[in-house]
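2 protein chains.
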Amino acid sequence: MALAAAVHPPHIDETIAELKAIFGDRLSTAAAVREQHGKDISYHEAHLPDAVVFAESTAEVQKVVQICARYRTPIIAFGTGTSLEGHISAPQGGISVDVSRMNQVLQVNEADLDVVVQPGVTRKQLNEYIRATGLFFPIDPGADASIGGMTSTRASGTNAVRYGTMRENVLALQVVTADGRIMRLGRRARKSAAGYDLVKLFVGSEGTLGIITEITLRLYGIPEAMAAATCAFESLEGAVNTVIQTIQSGVPIARIELLDDIQVDSVNRYSKMSLPVKNTLFLEFHGTEASVKEQAEMVQAIASDNGGGSFAFTTQAEERTRMWQARHDAAWANKALKAGWGMWATDVCVPISRLAECILATKNDIVALDLVAPIVGHVGDGNFHLTIMVDPDDPTCLKRADALNDRMVARALELGGTCTGEHGVGLGKIKYLYAEHGESVSLMRAVKRAIDPDNIMNPGKIFGPLN
Amino acid sequence: MALAAAVHPPHIDETIAELKAIFGDRLSTAAAVREQHGKDISYHEAHLPDAVVFAESTAEVQKVVQICARYRTPIIAFGTGTSLEGHISAPQGGISVDVSRMNQVLQVNEADLDVVVQPGVTRKQLNEYIRATGLFFPIDPGADASIGGMTSTRASGTNAVRYGTMRENVLALQVVTADGRIMRLGRRARKSAAGYDLVKLFVGSEGTLGIITEITLRLYGIPEAMAAATCAFESLEGAVNTVIQTIQSGVPIARIELLDDIQVDSVNRYSKMSLPVKNTLFLEFHGTEASVKEQAEMVQAIASDNGGGSFAFTTQAEERTRMWQARHDAAWANKALKAGWGMWATDVCVPISRLAECILATKNDIVALDLVAPIVGHVGDGNFHLTIMVDPDDPTCLKRADALNDRMVARALELGGTCTGEHGVGLGKIKYLYAEHGESVSLMRAVKRAIDPDNIMNPGKIFGPLN
């Protein structure tokens, strides 16, 4: 990953001096720390912050914001650094506020199926913490991301087809706004018609409206029964049509994921699986014993009609975990496939009736552009991902990758879809945001200006320059 | 309902003259028409608009907005006039834009389970229109409201516990903004991480940010099997605890509605039912034959543990329709109970673990205040309604009703709930909005000012005066 030339905000020295006086050792200007906070796991050029502050409370986040606000110094929130579109980089310099030490689960309301967490809690940590309650939190992007980051990018994952995304599962927030106020958005009630939905406005705002310091999430009961299976298909169309017909039939499927043959091969190598190297669905059913059985039979019938083989069920919990870990490790599997190559992860989401068309045309593009780019997708939502492998020694490779991304996004938009289903805009998809939303981006920008008039909150992201 | 003194915006004559030149007969200043558009079905004081325009297209709505914007004349959108908190009244005068003639279903995307409609389409009309497709739209506030109005108030209804509210079911919008631009918000894709969620910002904004001219909604397959039942309880606690335990157990119940004994009595009289006059749950199960049977058995077991009787199933579709019609007509049943009395409908929503406490304390208040106020609720969401009956000949009655509402809202907020689960703020709950959201109302106001700087879109609603 390239490192961009440093940009320093005008009053960065005063900002750092004031912060240092408060945070002492918990403020760092060391190159290694700044690098870790300016580079995500994407292929984007890195931009380092001028300093990193490790905040340990909402009050401390407020202090950072108040000082930065006074000097109009940019602030970038940092959770685990696993975002994919340059969200955590600092193209205008400034202060990275690392909230990973704010990692307490504050309140578990078992009876109400909700939980209040600090932003540095990771999704796996949360599920460990609440395991004994019989509840779970379903949203699972590939990485063990922080809940704060997942909220900021409107993350989803393999369970979204049944349980929704962060959009549907964040009930309330505590935030520090650009002017340094602490405020609560939303309530624990399941629904409300009281005023503008500020929670949904902050979910997916990528740190551009404020810093999230507490999140109230919905939880779900761990189903009485769960069954997972893989199913290999003769054709990609067959696999995709199975997904479409399953959704249309109303089967409340919990997970339905596609790995194309290239991706299956890669996963086999990395995760030591022995799946047939074919376009494959990973499926999971949740419910009572009887209902899981019935759902699986219905989907097996649909799959068989579409050239799918018999479901290979994983009956043990450990086996199921291993199967989904392999799915979550798909990106790492791809990275291992081409040692030393870069990895450009991108995603789009289309209405499900256009999914087969969109994936097949993208596969043609991959061949035409002579790229290695396994496809994996949360296809129940119409969402799929490409991991485009980028050879650092081939100067044309990055250009071809860029062309592939361009074509895929243009196609998705033409089909009524979106330029990103779950990765977000960050620095990487700014031009596509304008292509997708046209005129209405002006409303987003008006909202941004109204809430952060000095543009100190993660400036440069989502919109590019604001003036 | 009282009629407030008329307020006229400064340039109303010029506004009306320009509109008249374009709309001719489709602009009315007749008292009867203005009254119909200034009074909703609530107990709020009515404020009449200066004129009503019947728009027939997005382009016509744009014309109205452009003219009003030039003169800074208030604009209030009107669908069916069935809102409950004074949403459609014109406290600052201005133009009511009636969109009821924009009532076309524009596009049914069966394969994608979505539909594009004009704002004047009503929920029943939509379900009639799509019946042959095997799909349905689940959101069902009591009235046969317009989809535009339901979107604006973030409506829900009896199916929300399973299918969500308008918040979860509006995918995309076309709107005319306060400066007269037509723009599209959101896409048909099921999820997106591309920029701020403007769709969710407009859903529930009660006409204060723009006029909605097209709505893209999610649809669902009509379940293979549906079973509905009533279940009478010895105590209100038993009924409420059944709801809580059902939700906690993860049964995917489609509807679970509470009618207290007073409400059952009222429904029996109005809808010619013969239910035992007890606290009663109305339930509905959706799924396959086997799954519906299994769900019903699980909930019956929970109910029996809580003092509930045997489920009385409605096996015929017509019988089921009649049962839910009776539930939807609860407000009218109450109105019939006290001929000539006014009806003050109010609702709150609390975390479900606090529901029994909140309802029981409210029942005590009703007795203490010597009021007639049947309770009915979408209790699966923690949401319940009071219909407070107001005797126009008793000058203290309205005051006591107000006191009851005050106490109920204060209690709901104290329990972590919201001042309105589905009716909205309008004119009726402004003070509660501030109590509920505190500091963060300033963000809502900032957003409002950014998008509608001259405050011409439904001014006075949600926030009260903005300066």
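These protein sequences, in sequence, are chains H and U. Take 1 as the starting number for the first sequence in UniProt numbering and just add one per residue. Take 1 as the starting number for the second sequence in UniProt numbering and just add one per residue. The beta carbon of each residue, even a glycine, is placed where N, CA and C say it ideally should be. Since the structure is predicted, the reported quantities are computational estimates derived from the model, not experimental observations.
Going by DSSP, what residues sit across from H286 (chain U) in a beta bridge? The partner list for H286 (chain U) (beta bridge, DSSP) reads U:M226.
Between the CA atoms of L466 (chain U) and R255 (chain U) - distance to the nearest angstrom: So the alpha carbons of these two residues sit roughly 39 Å apart.
Rounded to the nearest angstrom, what separates E294 (chain U) and I222 (chain U) at their Cα positions? When the Cα atoms are used, E294 (chain U) and I222 (chain U) turn out to be separated by approximately 19 Å.
Give the DSSP-derived three-state secondary structure of R154 (chain H) in the structure shown. Here R154 (chain H) carries a coil assignment [DSSP, helix/strand/coil].
Chain H partners of K461 (chain U), CB-CB under 7 Å? Close partners of K461 (chain U) in chain H (Cβ separation under 7 Å) are lacking, with about 10 Å as the shortest Cβ gap.
With a threshold of 16 other CB atoms inside 10 Å of the CB of E18 (chain H), please say whether the residue is buried or exposed. With 16 or more Cβ atoms within 10 Å of its Cβ, E18 (chain H) is classed as buried.
Which residues, in chain order, does the segment 185 to 202 of chain U contribute to contact with chain H at a C-beta distance below 8 Å? Those would be L185, R187, R188, A189, R190, K191, S192, A193, A194, G195, Y196, D197, L198, K200, L201, in chain order.
Using a cut-off of 7 Å between C-beta atoms, extract the partners of S291 (chain H) located in chain A. Chain labels in this structure do not include chain A; the protein chains are H and U.
Taking C-beta pairs closer than 8 Å, name the residues in chain U that D50 (chain H) reaches, listed in chain order. None at all; the shortest Cβ gap to chain U is about 27 Å.
Name, going along the chain, the residues of the segment 69 to 91 of chain H whose beta-carbon falls closer than 8 Å to a beta-carbon of chain U. For the segment 69 to 91 of chain H, there are no residues whose beta carbon sits under 8 Å from a beta carbon of chain U.
What are the residues in the segment 32 to 58 of chain H lying within 8 Å of chain U by C-beta distance? Result list empty, no residue passes.
At a Cβ cut of 7 Å, what residues of the segment 408 to 425 of chain U count as close to chain H, listed as they run along the chain? From the segment 408 to 425 of chain U, only G416, G417, T418, C419, T420, G421, E422, H423, G424, V425 have a Cβ closer than 7 Å to chain H.
Would you mind giving the Cβ-Cβ distance between L217 (chain H) and D114 (chain H), rounded to the nearest angstrom? I have them listed as a contact below 8 Å. Rounded to the nearest angstrom, the Cβ distance from L217 (chain H) to D114 (chain H) is 6 Å, consistent with a contact under 8 Å.
Please confirm if T387 (chain U) has its CB atom under 7 Å from at least one CB of chain H. T387 (chain U) does not count as touching chain H.
Straight-line gap, S83 (chain U) to S156 (chain U) (C-alpha atoms, nearest Å): Taking the straight line from one Cα to the other gives about 12 Å.
In chain order, what residues of the same chain have a beta carbon less than 8 Å from the beta carbon of F233 (chain H), not counting five sequence neighbours either side? Closer than 8 Å at the Cβ level, and outside the excluded window around F233 (chain H), lie A239, T242, K278, N279, T280, L281, A303, N306, G307, G308, G309.
Since D381 (chain H) meets chain U, which of its residues come closer than 9 Å, beta carbon to beta carbon? Those are A189, R190, K191, listed as they occur along chain U.
Please give me, in chain order, every unbroken run of the beta strand (DSSP E) with length at least 3 that falls completely inside the segment 180 to 219 of chain H. For the segment 180 to 219 of chain H, whole beta strand (DSSP E) runs of length 3 or above, ordered along the chain, are 182 to 186, 210 to 218.
Of the residues that make up the segment 238 to 249 of chain H, which ones have a beta carbon closer than 9 Å to any beta carbon in chain U? The segment 238 to 249 of chain H vs chain U, Cβ under 9 Å: I244, I247, Q248, S249.
Check the Cβ-Cβ distances between R162 (chain H) and every residue of chain U, and say whether any is below 7 Å. Not flagged as an interface residue toward chain U: R162 (chain H), since no C-beta distance is shorter than 7 Å.
With three or more C-beta pairs closer than 8 Å as the rule, is the segment 130 to 147 of chain U touching the segment 163 to 174 of chain U? Yes: at least three Cβ pairs fall under 8 Å.
Pick helix, strand or coil for S146 (chain H), following the three-state DSSP scheme. Reduced to three states, the DSSP call for S146 (chain H) is strand.
Step through the CB atoms of chain H and report whether any lies within less than 7 Å of the CB of P351 (chain U). Chain H places a beta carbon closer than 7 Å to that of P351 (chain U), counting this residue as a contact.
How close, in whole Å, do the beta carbons of A412 (chain H) and V367 (chain H) come, if the pair is a contact with beta carbons under 8 Å? Actually they are not in contact, since the Cβ atoms of A412 (chain H) and V367 (chain H) sit about 19 Å apart, beyond 8 Å.
Excluding the 5 residues flanking V267 (chain U) on each side, which residues of the same chain have their C-beta closer than 8 Å to its C-beta? Around V267 (chain U): L259, M273, L275, A326, R327, D329, A330, A333.
Cross-chain neighbours of L433 (chain H) in chain U, by beta carbon under 9 Å: Neighbours of L433 (chain H) across chain U, judged by C-beta separation under 9 Å: A194, G195.
Runs of 4 residues minimum, wholly inside the segment 12 to 72 of chain H: which ones carry the alpha helix (DSSP H) assignment? Restricted to the segment 12 to 72 of chain H, the alpha helix (DSSP H) segments that are unbroken, complete and at least 4 residues in length are 12 to 23, 31 to 38, 58 to 71, listed in chain order.
Check whether the Cβ atoms of V52 (chain U) and D98 (chain U) sit closer than 7 Å, and answer yes or no. Going by beta carbons, V52 (chain U) and D98 (chain U) fall inside the 7 Å limit.
Please check if any C-beta of chain U sits within less than 7 Å of the C-beta of S440 (chain H). Cβ-Cβ to chain U under 7 Å: yes for S440 (chain H).
Enumerate in chain order the residues of its own chain whose CB-to-CB distance from L443 (chain U) is below 8 Å, with the five nearest sequence positions on each side excluded. In the same chain as L443 (chain U), and ignoring 5 residues on each side of it, no C-beta atom comes closer than 8 Å to its own.
Note down, in chain order, every chain U residue with its Cβ under 8 Å from the Cβ of G221 (chain H). Here the neighbours are Q248, S249, G250.
Residue nearest to E60 (chain H) in terms of C-alpha spacing, selected from H:R72, H:H378, H:A296, H:K20: Ranking the options by Cα distance to E60 (chain H), first place goes to H:K20.
Local conformation of T420 (chain H) per DSSP, three classes: Of the three classes helix, strand and coil, the one that applies to T420 (chain H) here is coil, per DSSP.
Rounded Cβ spacing between L427 (chain H) and G460 (chain H) (contact assumed at less than 8 Å): With a Cβ gap of about 7 Å, L427 (chain H) and G460 (chain H) count as contacting.
Chain H residues whose Cβ lies nearer than 7 Å to that of V447 (chain U): Within chain H, the residues near V447 (chain U) are Y196, V447, A450.
What are the residues in the segment 258 to 269 of chain H lying within 8 Å of chain U by C-beta distance? Hits within the stretch: zero.
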